[in-house]
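2 protein chains.
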Amino acid sequence: MTVEVISVGTELLLGNIVNTNTQYLAEKCAGLGLAMYYQSVVGDNEERMTKAFTEAFERSDIVILTGGLGPTEDDMTKEICAKVLGLPLILHERSKQRIADYFVRTSRNNITENNWKQAMIPEGAFVLDNDNGTAPGLIVEKEGGCVILLPGPPNELKPLFEEKVVPYIKKRSPETICSAMVKLCGVGESRAETMIKDLIDTQSNPTIATYAKTSECDIRVTARAASEAEAMALIQPTVDELFKRFGENIFTTHEEETLEQAVVKLLKQKGLTVTTAESCTGGLVAARLINVSGVSDVIKSGYITYCDEAKHQILGVPSDLLEKYTAVSEQVAGAMAIGGAKAAGADACLSVTGIAGPDGGTEEKPVGLVYVGCFLQGDTVVREFKMRGNRDKIREQAVVQALDLLRRRLITDMGE
Amino acid sequence: MTVEVISVGTELLLGNIVNTNTQYLAEKCAGLGLAMYYQSVVGDNEERMTKAFTEAFERSDIVILTGGLGPTEDDMTKEICAKVLGLPLILHERSKQRIADYFVRTSRNNITENNWKQAMIPEGAFVLDNDNGTAPGLIVEKEGGCVILLPGPPNELKPLFEEKVVPYIKKRSPETICSAMVKLCGVGESRAETMIKDLIDTQSNPTIATYAKTSECDIRVTARAASEAEAMALIQPTVDELFKRFGENIFTTHEEETLEQAVVKLLKQKGLTVTTAESCTGGLVAARLINVSGVSDVIKSGYITYCDEAKHQILGVPSDLLEKYTAVSEQVAGAMAIGGAKAAGADACLSVTGIAGPDGGTEEKPVGLVYVGCFLQGDTVVREFKMRGNRDKIREQAVVQALDLLRRRLITDMGE
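Note that the protein sequences, when read in sequence, are chains D and R.
Just so you know, we're using our numbering here: the first sequence kicks off at 1 and counts up by one.
Just so you know, we're using our numbering here: the second sequence kicks off at 417 and counts up by one.
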C-alpha cells in the first residue's frame, strides 16, 4: 500500500515552522509497512490545493492531509476534499456537542458561529474524536482510496494518529506489520550504518531503517506476515544479529525509552544516586537526567563549574592540578567527578570538561577535545573524545557520551 | 517571482530526518520577497523525480532542488535536471580539482572514480564552490526559468545559499528586497500575533511575518523598492510601530542575536556576573547562558538543587521556609536567588522552581506552576507563571522567562 502526505499551511511555505508532522507521519507509516513516495506542502489556496489533492488521490492508496481544519474561511482542507470526492458536507451532531464541551472544559466562552464549521463532515466519513482540540480527525473512503484528515497542531495530530489511525491502517492492511526498535548510543552516526550495510543491502522482509541522532542511532526492524506471531518470528533473527554486532551499545529495545530514562532506571534498580560536575556542557547533563519525571530519588543536585575558581572552590579540584594540566585534561575531569560526588554525597558523579569552541582551541588542545569523567562508588573512569561540529553539536555529543559512560559502568562494572 | 523547493531523499520519505533545509530555504526566500507556493519531497527515483521537476519548472520562476548530488548511482538530481532541460553534462575542471583538494585537506585517501561524477555539470551552469563538501552547488538558467541545485547536508547547503545564492537572487530580482527582524520575548505566541493582527491584515509593502518559538517570537518586516534606501524607508515606520506596541519586550533587532546573547551582552556592558539556582529546569538556564561563546567573564558557576535538602545545604534556603511554603513557592524562589548569588559571589542570580509534571501537581499547586526569581545587586524579584504543555515545554518556557526577567531588570532597574 502506498501513502502520501500533503501538509496545508502558509506558515510552512513561509518557513515560520519546521514540518515535524510530516517526519512523524513518515516514520510511523514506514513502521506500518506503507510505502511513501511523495510529501508535499501547499498553502490555503483553492486551486492549488484541489490540484495537489486530486493528483495525490489518483496515485496513492492513502492520502494524509494535515492542517487547514480550523474554523476560519481560510481553512478549506475538508471542503476541498469533499468537493473533489463529490461528497456533501453534513453536520455531525457528536462533534458539535464535543466542540461545545471543549469550550466549557477549557474555560473559554468565545464560541462563535464559525466554530460549527468544524463539526461539518463529508457524508459517510468516519470521525476521529479529538480530545486536545476542536477539529475532529476524519477518514473518508471512496473508490477504493482513502483520505485521512488530521488537524495541524502536533499535540492534536499525534494522539489521533497513534490511537485511531494506526489501528485503522492495521485493520485495512491485508498483512500484519510488526516492528521492533533497537536503540544504540556511543556509535558514530555513520559507523552504525556501515556496521550493518550488508543487512541493509540484502533486506527485503524484514526491512531495516536507521534513524540517526547526535551520538545515538535508532534501528527499526519491520516485518510483514499473515499474523503477528509470524511477523515477530521474522524480526527476531535480525534483532539477535543486531545484538551480536552492537552488544552493549544497545541501551533499550523500548521504542519510547530515552537514554536518560535507561540510565535513571539502572540507578533506581541499584538504589544509587548521581550528581553532575559540568564545565562546557553547562548543566545539560543534569538537565537531561532531570527531564525524566520522578527522578528526585536519583539526582538531588548538580554543579556547574565553568571557571577554574569554581572547580576548585565547589568541587575541591586542587589548584596545582588545574595549573599543571589545565582545566581541559584527564586529570581535572577525574578530580571534578570525585569532588562532585563528595560535595553532593552521591554514589556517582558525571563530569564534563572540554573546548566547545568556536574560540579557545589551541594546536595541542583543539576545539572538540572533551573529557568525560565518571565516579562510581570509589572508582573513577575518564574518557577522551575528539568531537566535530559547532559549539552546540559538541556539547550535545558530550552529554550523550557522559550518560552513556555511566550506563556502561552500571551494567558492566556492577553486573546486570 | 515565484520559487519552489523540491527535496530529494529517501531518508525524508522514511521520516529518518526532519526537513529542516526546506524550512531554512522557505524563511530565506520569504526574506528575499519571493513567493513560495509549493514544497515537495521525492525519492531517488527517475520517473517520479522527472515528473516532479518538470512540473515545478513549468509553474515556478525558480526551482530549488536539494539533495541527490552525491557520488553514487542513486544520486541523480543533476542528471535528471540536465535531461529535462536538454543540456549535456560536461566535466568542470575547477570542481574536479577542488574535489581532489578536499580529499587531501580532510586526510581522506579513498577517492574513487565515482567521485568525479560530482565534477560533471550541465553545460552553461554557474558553479557555486562548496567549501564544506565535494558536491558543488549549481545554478542553471534556461528559457527564462532558473534551477538551483544544492547539496543536502545543512552545513553545506546553508553557506552556499547565504553566500552565493542570495546575492544571485538579489541581482536577478527587478526590485531590491530588504528586511528587518524584530525579536520579542515574554509575549505569548498567539498574543503577539493578536497584537499586530491589524498590521498583518492590511500589509502589502512591507509585509509582516511572525515566527513563533517557545515564549519568543520573531517578526520579520520585508519591503520591496527600487533601491535599498527606499526599501528601508518603507520598513522603518512599521519597525517603529512594533517598538511602540511591544516596547521592552523587544530584546534585539539583530537577526542572528539570541536572547541569551542579549542578556550576556548587557551583563558584560555593566561588568556584572550571574549565577543560577535551578530546580525543575535542572541546569537549562545555565546551559543556555553557557551556549554563548566567551561567557566565562559573566558566569563562573551554577547550582542545580532538585531536592529540598540541596536547596537548604547548597543555597542556604531556611528549612522552615521550605516546610511552611514548600519548594514551589514565591518565598523559596526568592531565597534560592539570594542564596545562589551569595554562594557564588555573583552580582546576579536566576532561580527557577516549579512543577514541570506530568506528576507532582495538586489542586493548589498544579502542573505548570513555576516561580522565577532574580537577585540583582541586593534586590530580589519573583514572578509567578502558570504554564501549559508537557514537561519539556514547561521547562523551556521557564528558561526563557528567567532569562527575560534578568534582561528586563538590567535595562529598567539600572537604566540603559
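Yeah, the Cβ is synthetic: ideal placement off N, Cα and C, and Gly gets one too.
All values reported here derive from a predicted model rather than from experimental measurement.
Closest by C-alpha distance to residue i, when choosing among the options
{"i": "Leu87(D)", "options": "Glu113(D), Ser107(D), Met120(D) and Arg59(D)", "result": "Met120(D)"}
{"i": "Val239(D)", "options": "Ser60(D), Thr77(D) and Met181(D)", "result": "Met181(D)"}
{"i": "Val263(D)", "options": "Thr50(D), Ser293(D) and Glu241(D)", "result": "Ser293(D)"}
{"i": "Gly540(R)", "options": "Val744(R), Leu507(R) and Ser523(R)", "result": "Leu507(R)"}
{"i": "Lys158(D)", "options": "Cys146(D), Cys178(D), Glu141(D) and Pro136(D)", "result": "Pro136(D)"}
{"i": "Arg475(R)", "options": "Gly561(R), Glu529(R) and Thr618(R)", "result": "Gly561(R)"}
{"i": "Val140(D)", "options": "Leu89(D), Gly186(D) and Thr134(D)", "result": "Leu89(D)"}
{"i": "Tyr627(R)", "options": "Ala229(D), Leu14(D) and Val3(D)", "result": "Leu14(D)"}
{"i": "Thr638(R)", "options": "Glu591(R), Glu672(R) and Glu632(R)", "result": "Glu591(R)"}
{"i": "Gly486(R)", "options": "Thr470(R), Ala472(R), Val500(R) and Thr528(R)", "result": "Thr528(R)"}
{"i": "Ala743(R)", "options": "Asn526(R), Tyr787(R) and Gly602(R)", "result": "Tyr787(R)"}
Residue i at chain D interface by Cβ criterion, 8 Å
{"i": "Arg640(R)", "result": "no"}
{"i": "Cys723(R)", "result": "yes"}
{"i": "Gly831(R)", "result": "Reliability of the predicted coordinates at Gly831(R) is poor, the pLDDT of 49 falling under 50, and no value is obtained from them."}
{"i": "Met452(R)", "result": "yes"}
{"i": "Ile754(R)", "result": "no"}
{"i": "Arg807(R)", "result": "yes"}
{"i": "Glu676(R)", "result": "no"}
{"i": "Ala541(R)", "result": "no"}
{"i": "Glu443(R)", "result": "yes"}
{"i": "Ile715(R)", "result": "yes"}
{"i": "Thr438(R)", "result": "yes"}
{"i": "Ala693(R)", "result": "no"}
{"i": "Val479(R)", "result": "no"}
{"i": "Asn435(R)", "result": "yes"}
Boundaries of the alpha helix (DSSP H) in which residue i is found, first to last residue
{"i": "Cys445(R)", "result": "Thr436 to Gly447"}
{"i": "Lys365(D)", "result": "Premise fails: Lys365(D) is in no alpha helix (DSSP H) and is neither H nor E."}
{"i": "Phe243(D)", "result": "Glu228 to Phe246"}
{"i": "Lys809(R)", "result": "Arg807 to Thr828"}
{"i": "Ala541(R)", "result": "That residue, Ala541(R), is in no alpha helix (DSSP H); it is neither H nor E in DSSP."}
{"i": "Leu615(R)", "result": "Lys613 to Asp617"}
{"i": "Lys51(D)", "result": "Glu46 to Arg59"}
{"i": "Ile496(R)", "result": "Thr493 to Leu501"}
{"i": "Lys268(D)", "result": "Leu259 to Lys270"}
{"i": "Ile99(D)", "result": "Glu93 to Arg105"}
{"i": "Ile250(D)", "result": "Ile250(D) -> not in any alpha helix (DSSP H); beta strand (DSSP E) instead, spanning Ile250 to Thr252."}
{"i": "Val165(D)", "result": "Neither: Val165(D) is in no alpha helix (DSSP H) and is coded neither H nor E."}
Beta-carbon proximity list for residue i, same chain, < 6 Å, skipping 5 on both sides
{"i": "Asn155(D)", "result": "Asn132"}
{"i": "Val421(R)", "result": "Thr438, Leu441, Gln455 and Ile480"}
{"i": "Thr610(R)", "result": "none"}
{"i": "Leu501(R)", "result": "Lys558"}
{"i": "Gln793(R)", "result": "Asp763"}
Continuous beta strand (DSSP E) stretch holding residue i: start and end
{"i": "Thr275(D)", "result": "Val274 to Glu278"}
{"i": "Arg636(R)", "result": "Glu632 to Ala641"}
{"i": "Ile593(R)", "result": "Thr592 to Cys601"}
{"i": "Glu4(D)", "result": "Thr2 to Val8"}
{"i": "Gln118(D)", "result": "Note, Gln118(D): premise wrong, no beta strand (DSSP E); not H, not E."}
is_contact[residue i, chain R] using C-beta, thresh 8 Å
{"i": "Gly302(D)", "result": "yes"}
{"i": "Glu163(D)", "result": "no"}
{"i": "Ser179(D)", "result": "no"}
{"i": "Ser173(D)", "result": "no"}
{"i": "Tyr102(D)", "result": "no"}
{"i": "Ile314(D)", "result": "yes"}
{"i": "Val41(D)", "result": "yes"}
{"i": "Val372(D)", "result": "no"}
{"i": "Arg48(D)", "result": "yes"}
{"i": "Leu12(D)", "result": "yes"}
Sequence-distant residues of the same chain with beta carbon closer than 8 Å to residue i, five excluded per side
{"i": "Glu46(D)", "result": "Met76 and Ile80"}
{"i": "Thr436(R)", "result": "Pro570"}
{"i": "Ala337(D)", "result": "Ala277, Cys349, Leu350, Ser351, Gly373, Cys374, Phe375, Thr380 and Val382"}
{"i": "Val424(R)", "result": "Val457, Val458, Gly459, Asp460, Met465, Leu481, Thr482, Gly483, Gly484, Thr493 and Gly568"}
{"i": "Ile827(R)", "result": "Glu664 and Leu682"}
{"i": "Ile196(D)", "result": "Ile208, Thr210, Ile219, Leu242 and Arg245"}
Any chain B beta carbon closer than 8 Å to residue i
{"i": "Ala726(R)", "result": "Judged by its chain identifiers, the structure shown contains no chain B, and its protein chains are D and R."}
Neighbourhood of residue i by C-beta distance below 7 Å, restricted to the same chain and skipping five residues each side
{"i": "Val295(D)", "result": "Val264 and Leu289"}
{"i": "Ile304(D)", "result": "Glu278, Gly282 and Gly283"}
{"i": "Pro206(D)", "result": "Val221, Thr222, Ala223, Leu234, Ile235 and Thr238"}
request  = Please specify which runs of the beta strand (DSSP E), each continuous and at least 3 residues long, are wholly inside the region 285-341 of chain D, giving them in chain order.
outcome  = 301-305
inquiry  = So within the region 543-573 of chain R, which uninterrupted beta strand (DSSP E) runs reach at least 3 residues, ignoring any that extend past its ends?
reply    = 553-558 and 561-566
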